[in-house]
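Residue numbers (the numbering used here): 16 to 209.
All C-beta atoms, glycine included, are put in the ideal place defined by N, C-alpha and C.
On a predicted model such as this, the values are computed, not experimentally measured, just so you know.
Structure record follows, encoded as structure tokens.
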């Protein structure tokens with residue numbers, strides 16, 4: 016795998032995915048990360064050796080894969096300016112934002128785009144995650160293999176049969192481990208007071 020990957024958003028999950036790829040031998044020079052925070056970009060440059068930029072459109076100009084690693088509430092604002100470059104380049108676009116449907120992404124980016132919606136869970140932060148993935152009909156077999164190899168860098172990655180199942184994955188797998196650790200933390204704190 017040697018596709019040029021651009022992460023739009025360089026927070027914890029994007030950093031984990033990039034770090035997992037690099038740990039598996041992926042060339043950090045093939046990865047670009049964008050973010051509004053210069054501190055976040057500097058941290059990723061230092062820790063991972065990836066290229067960084069604050070220019071989302073510019074960073075997508077050579078990308079074969081664009082990973083949208085954004086909070087759902089800012090997705091539309093950040094994605095709309097990418098429409099022309101995505102239409103021109105026709106990269107594989109992978110979204111890891113909870114609750115943003117493929118129909119919604121198509122309304123922002125245009126029809127005919129190769130889109131994958133997925134939901135990594137928090138154990139992906141330590142390369143022990145589980146990710147459910149769903150692709151639209153524009154995604155080729157090669158792009159499916161590429162998606163699986165990218166997401167497998169941080170744990171188990173499985174295709175689901177319908178987009179509705181991504182919502183179930185988000186509810187159970189995506190949030191479940193976080194709730195488990197929250198409960199465990201509460202039990203530890205309660206135990207300290209005994």
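CB contact flag (residue i, residue j, <9 Å)
i: residue 94; j: residue 124; result: yes
i: residue 101; j: residue 81; result: yes
i: residue 84; j: residue 29; result: yes
i: residue 44; j: residue 64; result: yes
i: residue 32; j: residue 169; result: yes
i: residue 42; j: residue 17; result: yes
Close Cβ partners of residue i (< 6 Å) along its chain, the five nearest in sequence each way excluded
i: residue 115; result: 87 and 90
i: residue 49; result: 23, 68, 71 and 74
i: residue 121; result: none
Helix, strand or coil at residue i [DSSP, three-state]
i: residue 102; result: helix
i: residue 117; result: helix
i: residue 83; result: strand
i: residue 108; result: strand
i: residue 167; result: helix
i: residue 194; result: helix
i: residue 161; result: helix
i: residue 60; result: helix
i: residue 18; result: coil
i: residue 31; result: helix
Contact set for residue i: own chain, Cβ-Cβ below 7 Å, skip 5 residues either direction
i: residue 60; result: 67
i: residue 34; result: 63
i: residue 77; result: 19
i: residue 1; result: Since the first residue of the chain shown is 16 and the last is 209, residue 1 is not available in this structure.
Supposed close pair residue i, residue j - CB separation, criterion 8 Å
i: residue 79; j: residue 39; result: 18 Å between Cβ atoms; not a contact.
i: residue 53; j: residue 117; result: Not quite, the Cβ-Cβ distance comes to about 32 Å (not below 8 Å), so this is no contact.
Neighbourhood of residue i by C-beta distance below 8 Å, restricted to the same chain and skipping five residues each side
i: residue 173; result: 145, 146, 147 and 148
i: residue 51; result: 69
How about the stretch 147-166 and the stretch 97-107: do they share at least three Cβ pairs that are nearer than 8 Å? yes
Should the stretch 143-154 be called in touch with the stretch 119-135, which here means at least 3 C-beta pairs below 8 Å? yes
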